[in-house]
Every structure is written in structure tokens, then in C-alpha cells.
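To keep things clear, I will list the structure first and then write my remarks on it.
Protein chains in written order, with my numbering: chain A, 2 to 123; chain B, 36 to 721.
Below, the structure written as C-alpha cells:
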């Protein structure tokens, strides 16, 4: 059975690139353009096997979204990767506190993305 | 990242949306509507642009967007306060970013003119605020060696609650082993801490591991396997044995560090509420490629033609039930018309897309000339067919440039005349009587009638004994070669006069005119057809050939009496219509059609508006019916034919040419020089 990736980002370009990269190595990919839509998607369809989310989005941003997934939806074991343009220590801490599993830096190298996804999800 | 090349187009499309939206937001903030929510939206837009740019290697964009984004970040944290000056800078930065994107699209690495200036200003504000950015380099000496490591990995009990699974980490570690031989990697799991079954908490991790791995990778690489769980475990990496092959130096990584104040990512309450109230703009539309729409429009157009043919053919058939059949076809016609309207509506776009370039144009021209101009736009949601929109941009920009350059006076001059220092231009669009109406109104100095008259007389464009009304004098500016600018400025004077603008508008099947009050201002009025795909035309026949005259051009039709027609010596034939003399143009002459009716009083004269607003009379054999026709362009297969703008297929299956009314007078004159009709017919008049 194919594993499903949920990619959450308000940039269509990024969503398409993530989707392309991961579909090529055998994942199914579903997309959402902000945290709120991602939550709707999780509730309506089956739960994804891994979530990759941007931090800066309208309506509900990445940190809020991660907190919601961990606390409200009680999905504690699902890996959540943050896709973000810089990774300072501050951001890292806030992300960890919210419950993120790890991160990938934008612009991302497709090989690296695949490697990181495998690291948390196989 | 060449495998992402295919996404470049999507990226550019997205950038276009983001930049336009950003500009709108900035302009409304400049007008006073400032909010944290808007600053946040700006930040996200620039952030997205930067992120994508990095993936495609657009380094100029990345560099510039980085500072731009940083400033916006400080503004949304309120660690820098938003001021009108900063707003100005942001607007200019947005303009530069747009230029950078356009350059990237054109595959150019150049930096736009304003780049250095604006970039320097951004840096200045940022440095002033936060202290200089540091760049720190980390250089590691990488040794190519076969190393055997011993690794102890003790996860904290709650490590798995962040979504990390030891199994995948162990697999990744294993993948680093040398030669993929299994003896190069060993795993020993310790289960001392595992409690009894019924005491277990499934979300906790009770095991820990010891590994031994022989690998060519470095300790840093090993550590990287555990990068996400560093804080949630105890990790010990020891080197047991090392066979160094050779030593190489390399830059392992380069990190930038900024001394930024603590960023606040936690949303403030007011932002959360307003975010919820924000209208969901993105939902109910889909993107469709233009080719698909064009194919749809064409096919529907063909269906309309075929259907008209069927009705014509049906009317020739006798027999039972034929009336019902014809009625059925006519009902079908109604549905076809509806379908056609709906399909055309798909291609209709709000004028906004053309208007969106105007604010920046006004800004740049005004600033270059030292003038102050306020631009107001209304009716931007008025919809026009895409075909018209594409060709409307240029003439519109010229008229606006003109208004700023020649219309609006300098602030000092305006003040002297008791006007506001800043001039205003109002750009308005609306639907009116089945056409599009666009008005450009300015409160500048209006048209200098005396100046215009003088130039027109000097250049023999009008006779000395003219008796033109004020309005007619104003409209003289549309005559070719007309420029009364005392110096041809860089801006409007690039060899593009109002006559070119008028030609462009006429080529679209539209009309443009001007009204002006000296000292007070000017108004340009444009009317355009709703679409370039279909046309309401009058079918006229000449010598058995059928031509289409666009209804929009027809002023009047009549059969003149002999006494109305005369020939001017050394000139073409004319017709008297009430008080006006109207030049006659013989279509059979222009197109060399035999068997046509030559005498105007036995034929029909169709009075139309030609180039320069002059009225001419087209002489045709007879007029048939009025019909909506689908315009079929000839450009793909033929060079331009003077006098013909396009073609269509009539209900009877025949091809019919659509006349380009604007140039017919000139063509008639050329024909005249070859020997006029008048000389042949006027013997009977004399």
C-alpha cells in the first residue's frame, strides 16, 4: 500500500514540486493551501502517513496547524516536517514545542527531501 | 535543479498574482488602510516569491527578496514602526522585485535600474535597526577514511511523541554502511527497561541501542541521522578504528546568522479573529489553459454558422412537416445563442488586468517629470473578452502617459491657477448599450485650441476657411503626424502620436474621441465592442459578391437622387447629404469587381465613418440582411489585404469578406488616381 503525504503550503509552486518529487518515489500526495484546509482534508479523507507543512500561511499558519494536529486531533505519532526558508534556533524551538518532528529548508534539494521523508516515514 | 524546470511557468504565474496583489495592498496602505493583517499578507507574499526563486537559482531575486522580507518581518513584529516613508520604500521595492521577476523570465541575470538604490535603502534601515548581519563560515576538514564507529543511542521515553520512529532512524543509519555488506553494521537492542505487558504505555519508548558501523562517512554524517531527535535522546559516537586514505579540504557548510530579535510566531488575538473573517478568495474557480477556451469558442462559432446554413437550406425544402422542422431549428438557434454567450463569458476578464499596470506607470512618469498625480480607478470589475483586453493595454497606457505628460501641469503652475498641487486622473470603465465604455478624465490644462489650430493650418491638415467647432478642433489631435509638444519628451514622444492610438482602437472595432475645456481638463472617451470573435454586420452585395460592413460603423444608408451626386473637378465624386458633402467610394473600383452598379442613384450608398472621423459613402449594389457573423482571421494564411479586416462564412456556405471601413477612403483615392468613375459618368450630369 502506498503511503500518503499531505503537503500544506500557500505557494502552489512549492506544493507541486513536493508532489512531483514524492510521487516519483512511490508516495501518494494530497495538497492543502493552508492549515485550516489541511485539517478539513484530514477529517474528511483518511489520515495521511506524513505531513509536510510550511510555517507562513494565511488563515491558519504552520505552528497553529501542528499544535492542532497534535492536541486537538490527538495524532501523536504522525511525523510532521516543517518546510521553511530559514532554520534559526528560535524557530526550531517553537516548532519543537508545537510538536514538529523535523524540518527541511527551502529551497529544497529533491534528494534531501526524499531522504528526510524516509527518515521519518520509511 | 533542472528537474524542476517544468515548474518555472507555475512559479512565474504565481509571482504575477502575488506581486499584483502586493501592489494593491501597498497602495491601500498608502491611502491610510494600514493593519497588521495586511503587513502579514505582504510578508507571506514576498516569502513565497523568495522560496520559489531559490529552487530555480534566481539568485538576484533571492538576495533582494531576503532584505525585503526581513523588513516586512520587523514591521509585522512591530520592532520597526510603519511610516509613510517606509510605505514608499516598500512600494518601490515591490516594483524592483517585479522587474527582477520579469528579467528572470527573460533568462537575464541583469539587475534593474532601481535595484541598487532601493536595496541600499533597505539595508540601511535594517542595519540601523538590528546591527550588522554576520556571516560565519564553518570549514571542516573532510577526511576520506574508512571508520568504524561505536554508537550508543538512548531515546528519552517520550521521543516517539514527536512522530519519530526509531526503526526508520536505524534503517537510515544502516544505509551508511560500507559496501552494503551486512557485517559492516551491527545492532544490539537493550530491553532492560521494558515493563510488564499490562504496565506498558504504547506511546513511550523503553528500549535503547548500541550500534557498530564501518563506513566512509564522517561522524557529522552519523550525527545527521539523528538530527531531529538530538534533544530527545542520549547519543554517543565513538571512533573505534580509522583507516585514513587521503586528506581533502572542503567547505562543509556556510551559515548566515542574523542578530534578529526574538521572532513572534504566536498569533496575536486580533489577527486570529480577522483571519477568520477574511473572505475565502481562492475557492470557487479553476485555471484553464487558454488554448482550450479558444477551441471551445471556435467550435461554438462554427456551430452557429452551420446552424444558420441549416435554416437557410430547410427553407428551400417543400413537404410535410417542414414548418415544424424549421421551427425546431429556430428553437435550437435560441439555445445556440445562449451557449455562445456563456462560452464567450468564460473568456471575459475584468478590465482590472489591464488597469493594474496603470498605477505604476503614473507613479513613474509623474516622478520623472516632477509632477504630482493622484490616480483613481473605477469599474475595474467590468468584463471584456480576452481578445480585446490584450490589445487594449498599449493604447490605454499611451493615453495615460499623455495625460500625465501634457495634461497635468507642474505643481507650481497648478497652485498659481488655484488648483490642488496634485493633479488627478480618473480611469473608468463600464458596459453601455452593448459596448464597453472607457473614460480617462484629467483635471489638467486641457487642449490648447489655438496651438492645435495653428499647427493644423501650418501642416495643411485643414483648409483655411474651415469652420470647425471647438470639439472638432480638439479631435484634430488624432490626425497623423500631429504633435504640438514643444519638445518631444522621452515619455510620450517616442514617435507615438494619438493617431496611432486611434488606429489601434479602430482596429479593435472601437472609437475614441476627446472633449476638453481649456484650463480645466480633458476627457478621452473610448467605446469598444464586447468581443472580437463575433460581429454584427450588414451584408452588402457588389457585382454578385457579398461583403460585410460592421454595423457599428454604419451611420446611415440611402439611395441618393441624381441631383445629390456630383463630381468635383480633379477630385473624387461626392454626395450631398443635408448640409454635408460626403466623398463617395466605389467598392467595385477598389476590389475590381465586374458587373456592379456604377451609378450611385441606382445603387445604395452606405454612409460610414472613416479614418480621422470623416464620413464617406460606400457605393454598393444592394443591402441584404443584418446578421451576426463569426470573425475568421486571415492572418495565418495571407498577408494583410488592404480594405479587408477578416472573413466569415455565411449561412449559404459562401465566404464573405469583412470590410475594414477605416481605410476605404484612402484606397478610394488611390483608385481615383488611376482614373475616376466620375469622368465616366459625369458627362450625363453636365
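Ideal placement from N, C-alpha and C gives every residue a C-beta, glycine not left out.
Only a predicted model underlies this, so the values are computations on that prediction, with no experimental measurement involved.
Please name the residues in the segment 82-99 of chain B whose beta-carbon is closer than 9 angstroms to at least one beta-carbon of chain A, in chain order. 82, 83, 84, 85, 86, 87, 88, 89, 90, 91, 92, 97
Can you name, in chain order, every residue of its own chain whose Cβ lies under 7 angstroms from the Cβ of residue 27/A, other than the five neighbours on each side? Position 26 of the first chain, counted from the first residue, corresponds to residue 27/A. Cβ neighbours of residue 27/A beyond the five flanking positions: 3.
Measuring alpha carbon to alpha carbon, tell me which residue in 582/B, 474/B, 683/B is nearest residue 333/B. Numbered from 1 along the second chain, position 298 holds the residue referred to as residue 333/B. When only C-alpha atoms are compared, the closest one is 683/B.
Got a sec: is the Cβ-Cβ distance from residue 524/B to anything in chain A below 7 angstroms? Stepping through the second chain from its first residue, residue 524/B is reached at position 489. Unreliable positioning characterises residue 524/B in this predicted model, as indicated by a pLDDT of 48, which lies under 50. A coordinate reading is not provided.
Taking residue 534/B as the reference, give the member of 547/B, 544/B, 513/B, 550/B with the closest Cα. Counting from 1 along the second chain, the entry for residue 534/B is found at position 499. For residue 534/B, the nearest C-alpha among the options comes from 513/B.
Residue range of the beta strand (DSSP E) that residue 83/A falls in? Counted from its first residue, the first chain places residue 83/A at position 82. Looking at the DSSP string, the run of the beta strand (DSSP E) that includes residue 83/A is 81-85.
Backbone secondary structure at residue 49/B - three-state DSSP: Reading the second chain from its first residue, position 14 is the one you call residue 49/B. If DSSP states are grouped into helix, strand and coil, residue 49/B belongs with the helices.
Relative to chain A, which residues along the segment 107-120 of chain B have a C-beta separation below 9 angstroms, given in chain order? none
Bridge partners for residue 546/B per DSSP, in chain order? Residue numbering aside, residue 546/B sits at position 511 when the second chain is read from its first letter. Beta-bridge pairing links residue 546/B to 562/B.
Please list the terminal residues of the continuous beta strand (DSSP E) segment that includes residue 653/B. Within the second chain, numbered from 1, the residue matching residue 653/B stands at position 618. From DSSP, the beta strand (DSSP E) with residue 653/B extends over 650-655.
Do you know how far the Cα of residue 135/B is from the Cα of residue 342/B? Looking up residue 342/B in the second chain gives position 307. Looking up residue 135/B in the second chain gives position 100. The alpha-carbon atoms of residue 342/B and residue 135/B are separated by roughly 51 angstroms.
Short of 7 angstroms Cβ to Cβ, which residues in the segment 41-52 of chain B face chain A? 42, 45, 46, 49
Taking just the CA atoms, how far does residue 91/A sit from residue 112/B? For the purposes of this step, residue 112/B is taken as the residue at position 77 of the second chain. For the purposes of this step, residue 91/A is taken as the residue at position 90 of the first chain. Cα-Cα distance, rounded: 15 angstroms.
Just how far apart, CA to CA, sit residue 749/B and residue 672/B? This structure gives no information on residue 749/B, because the portion of chain B shown stretches from 36 to 721.
Give the DSSP-derived three-state secondary structure of residue 246/B in the structure shown. Stepping through the second chain from its first residue, residue 246/B is reached at position 211. DSSP places residue 246/B in strand when its eight states are reduced to three.
Taking just the CA atoms, how far does residue 399/B sit from residue 698/B? Here the question's residue 698/B lines up with position 663 in the second chain. Here the question's residue 399/B lines up with position 364 in the second chain. So the two alpha carbons sit approximately 36 angstroms from each other.
Counting only runs of 4+ residues fully inside the segment 443-529 of chain B, write out the alpha helix (DSSP H) ranges in chain order. 446-451, 484-493, 505-509
Is any beta-carbon of chain A found at less than 7 angstroms from that of residue 199/B? In the second chain, the residue the question calls residue 199/B occupies position 164. Answer yes: the Cβ-Cβ gap between residue 199/B and chain A drops below 7 angstroms somewhere.
Any contact of the segment 244-253 of chain B with the segment 178-187 of chain B, i.e. 3+ C-beta pairs under 8 angstroms? yes
Can you pull the chain A neighbours of residue 203/B, defined as C-beta to C-beta under 9 angstroms? By 1-based counting over the second chain, the position of residue 203/B is 168. The answer, in chain order, is 80, 119, 120, 121, 122, 123.
Residues of the segment 36-52 of chain A with Cβ closer than 7 angstroms to any Cβ of chain B, in chain order: none
Buried or exposed: residue 308/B, going by 16 or more other Cβ atoms within 10 Å of its Cβ? On the second chain, residue 308/B is found 273 positions in, with the first residue counted as 1. Reliability fails at residue 308/B, whose pLDDT of 39 lies under 50, so the model's placement of it is uncertain and no value is given.
Within the 7 angstroms Cβ cut-off, does residue 54/A reach chain B? Residue numbering aside, residue 54/A sits at position 53 when the first chain is read from its first letter. Not an interface residue.
Taking CB distances under 7 angstroms as the criterion, tell me whether residue 188/B reaches chain C. Absent from the structure is chain C; the protein chains it does hold are A and B.
Looking at C-beta atoms only, is the number of pairs between the segment 483-500 of chain B and the segment 460-468 of chain B that lie closer than 8 angstroms three or more? no
Residue from 570/B, 650/B, 549/B, 624/B whose Cα sits closest to the Cα of residue 612/B: For this step, residue 612/B is matched to residue 577 along the second chain. Checking every option, the nearest Cα to that of residue 612/B belongs to 650/B.
Counting only beta-carbon separations shorter than 7 angstroms, does residue 103/A have a partner in chain B? What you label residue 103/A is simply residue 102 of the first chain in a count that begins at 1. Output row for residue 103/A: interface = yes.
Expressed to the nearest angstrom, what Euclidean distance is found between the alpha-carbon atoms of residue 38/A and residue 439/B? Residue 38/A sits at position 37 when you count from the first residue of the first chain. Residue 439/B sits at position 404 when you count from the first residue of the second chain. Roughly 46 angstroms between the two C-alpha positions.
If the cut is a Cβ gap below 9 angstroms, which residues of chain B does residue 77/A touch? As a first step, residue 77/A must be located in the first chain, where it is residue number 76. Residues of chain B passing the Cβ test: 195, 196, 197, 198, 238.
Between residue 207/B and chain A, is the shortest Cβ-Cβ distance under 7 angstroms, so that the two count as touching? Here residue 207/B corresponds to residue number 172 of the second chain, with the count starting at 1. Taking Cβ atoms only, chain A reaches closer than 7 angstroms to residue 207/B, which makes this a yes.
Proximal chain A residues relative to residue 79/B, where beta-carbon distance stays under 8 angstroms: For the purposes of this step, residue 79/B is identified with residue 44 of the second chain, where counting begins at 1. Correct list: 11, 57, 58, 59.
Expressed to the nearest angstrom, what Euclidean distance is found between the alpha-carbon atoms of residue 487/B and residue 695/B? Here residue 487/B is taken as the residue at index 452 of the second chain, counted from 1. Here residue 695/B is taken as the residue at index 660 of the second chain, counted from 1. Between residue 487/B and residue 695/B, the C-alpha separation is close to 29 angstroms.
Residue 103/A - partner residues in DSSP beta bridges: In the first chain, the residue the question calls residue 103/A occupies position 102. Paired residue(s): 82/A.
Contained alpha helix (DSSP H) runs [length at least 4] in the segment 324-386 of chain B, N- to C-terminal order: 325-349, 357-382
Alpha carbon to alpha carbon, how far is residue 387/B from residue 377/B? Give it in angstroms, no decimals. Here residue 377/B is taken as the residue at index 342 of the second chain, counted from 1. Here residue 387/B is taken as the residue at index 352 of the second chain, counted from 1. Roughly 21 angstroms separates the two Cα atoms.
Using a Cβ cut-off of 7 angstroms (strictly closer), state whether residue 19/A contacts chain B. Translated into positions along the first chain, residue 19/A becomes position 18. No, its Cβ sits nowhere closer than 7 angstroms to a Cβ of chain B.
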